[in-house]
Amino acid sequence: MESPDKSHKPMTFPETLPSPQESMRVFLIGLLMGTADGVPGVSGGTIALLTGIYGRLLTAIAAVTPSRIGNGVRAVSPLHGSTSPAQIARVWNEVDGWFLLTLLGGISTAIILVGQAVEWANEHTPVLLFGLFFGFIGASAVVLLRAAAIRTLPEILAAITGTVTAFVISGQSQALFETGSLPVLFVAGAIAISAMILPGLSGSLLLVILGQYTYMYAKLGDFLDGIGTAVTTGSLETLVNAGDEVAIFTLGGLVGLLTVARIIRRALDAYQQITYAFLISLVLGALRAPITTLNSAEYSVTWSVSTIQTFAMTALIGALIVLILDWYAVDIDLEAIR
1 MESPDKSHKP
11 MTFPETLPSP
21 QESMRVFLIG
31 LLMGTADGVP
41 GVSGGTIALL
51 TGIYGRLLTA
61 IAAVTPSRIG
71 NGVRAVSPLH
81 GSTSPAQIAR
91 VWNEVDGWFL
101 LTLLGGISTA
111 IILVGQAVEW
121 ANEHTPVLLF
131 GLFFGFIGAS
141 AVVLLRAAAI
151 RTLPEILAAI
161 TGTVTAFVIS
171 GQSQALFETG
181 SLPVLFVAGA
191 IAISAMILPG
201 LSGSLLLVIL
211 GQYTYMYAKL
221 GDFLDGIGTA
231 VTTGSLETLV
241 NAGDEVAIFT
251 LGGLVGLLTV
261 ARIIRRALDA
271 YQQITYAFLI
281 SLVLGALRAP
291 ITTLNSAEYS
301 VTWSVSTIQT
311 FAMTALIGAL
321 IVLILDWYAV
331 DIDLEAIR
């Protein structure tokens, strides 16, 4: 397994097209990462760590800076004279463009497929869906807290703060964050995308905490339906109605990669154990989120013996899935994340 480049020295990547075999490998890893990130409690960052691309991913993301983006724009802009293929190739090479593009293609494909399944389950079997999520989150909390080995007073305080923060927000998300509000979606995109690249922390989990998870998947489904409608009938109404929220969320994600993700990385570099104690304790506090969601006005689930049994059985299945993956994969090495 590759380990991240701790020296943070610039890496040189091939300017030529990658081989079909390498592209397929990266795309398949992207599919696995997207599938993991599409459900709360499972992390795409963990998949990147286990498949040996985590160091390369962090280096490539770190290379996407405003100055490089500006250089790329100037290289193709007619306002700055003729285009410069050499400069375009240099910028593309510096950010490991083919790798990021292929990986993003796999992640996006998986998220769309998972989104269709989540949207259907949310409409027809919400108790099963959120019971499964409860199991994912609970088992992930066990695995991560075991790996963190929280011992010192600062780490304990950080863990308590993270747990309480997630617990409180999970119970008050409807009051604190207006579902579908564009500013909230922007912030949610920035936070969720940043979490996606951290082993152990799921971007979808943070969306559940913020009360935006099922809403965003519903909007993604509307957006995809709008594309189909636009192609077949020429009508853009559905596409436009859902497109602004999807666009704002995506823009928040891009800004998050350039800002929030870097802040988290610096915090990990300076105070790794304390920062990670806080981050993974969010998972423990988030156990409240699936139950709170089912109790919301959108679902108003009546808790009977049958409902509780259904929820508990699917939670057990979700927990077993995570624990089996942990057993057959590899323990998360927090020292390798720096």
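Mapping the sequence shown onto the numbering used here, position 108 (from 1) lands on 108, and the numbers just tick up by one.
C-beta atoms are modelled at their ideal positions from N, C-alpha and C, and glycine is treated no differently.
Only a predicted model underlies this, so the values are computations on that prediction, with no experimental measurement involved.
Taken through DSSP and simplified to helix, strand or coil, Trp92 comes out as helix. Per the Cβ contact rule, the segment 274-284 is not in contact with the segment 211-220 (fewer than 3 Cβ pairs under 8 Å). Assigned with DSSP and collapsed to three states, Thr125 falls in coil, not helix or strand. For secondary structure counted as the alpha helix (DSSP H) over 4 or more consecutive residues, the segment 262-322 holds these complete runs in sequence order: 272-285, 288-295. Ile111 counts as buried, since no fewer than 16 other beta carbons sit within 10 angstroms of its beta carbon. With fewer than 16 other beta carbons inside 10 angstroms of its own, Thr233 counts as exposed.
Nearest in C-alpha terms to Val39, of all of Pro183, Ala60, Leu103, Ala121, is Ala121.
For Pro20, the enclosing alpha helix (DSSP H) covers residues 20-37.
The closest CA to that of Thr161, considering only Ile227, Gly285, Phe134, is found on Gly285.
The criterion of a C-beta distance shorter than 8 Å is not satisfied by Gly189 and Gly135.
When C-alpha distances from Thr59 are compared across Val187, Gly97, Ser23, the shortest belongs to Gly97.
Counting along the chain, no alpha helix (DSSP H) covers Gly234, and no H or E run does either. The shortest C-alpha to C-alpha distance from Thr310 to any of Leu128, Gly34, His124 is the one to Leu128.
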